[in-house]
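Notes follow once the structure below has been shown.
Numbering (my numbering), first residue to last: 6 to 108.
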């Protein structure tokens with residue numbers, strides 16, 4: 006992937022068979038010459054109170070999500086997500102051993 010601008014989804018998996026939640030995000034991905042990618046985005050739609058509570062709970066439990074790009078059936082890239090106070094999401098590709106959960 007050279008880069009991406011568009012809508013993607015973040016999925017939070019409890020285990021290999023159970024996706025607990027899916028969030029649509031508007032995303033910009035840039036890839037440098039070394040193949041390292043950086044992504045920033047926002048929730049595609051404002052989260053209502055229940056969705057916000059769920060998001061905050063999952064982020065507190067484990068801020069690792071699988072990212073699903075359009076045309077893909079399931080996530081292939083595990084990312085760490087950080088949300089700033091203004092709602093901007095920063096996604097970083099997780100390296101082996103980063104995530105203790107079986108996303």
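Quick reminder that beta carbons are idealized off the backbone N, C-alpha and C, glycines included.
Closest by C-alpha distance to residue i, when choosing among the options
i: residue 86; options: 70, 100, 75 and 77; result: 70
i: residue 39; options: 7, 57 and 92; result: 7
i: residue 100; options: 41, 22 and 20; result: 41
i: residue 18; options: 96, 94 and 81; result: 81
Distance between beta carbons of residue j and residue i, contact taken as under 8 Å
i: residue 26; j: residue 63; result: 6 Å
i: residue 32; j: residue 44; result: 6 Å
i: residue 84; j: residue 14; result: No, residue 84 and residue 14 are not in contact; Cβ-Cβ is about 12 Å, not under 8 Å.
Coil, strand or helix - residue i by DSSP
i: residue 70; result: strand
i: residue 89; result: coil
i: residue 98; result: strand
i: residue 76; result: coil
Runs of 3 residues minimum, wholly inside the region 14–65: which ones carry the beta strand (DSSP E) assignment? 24–36 and 42–48
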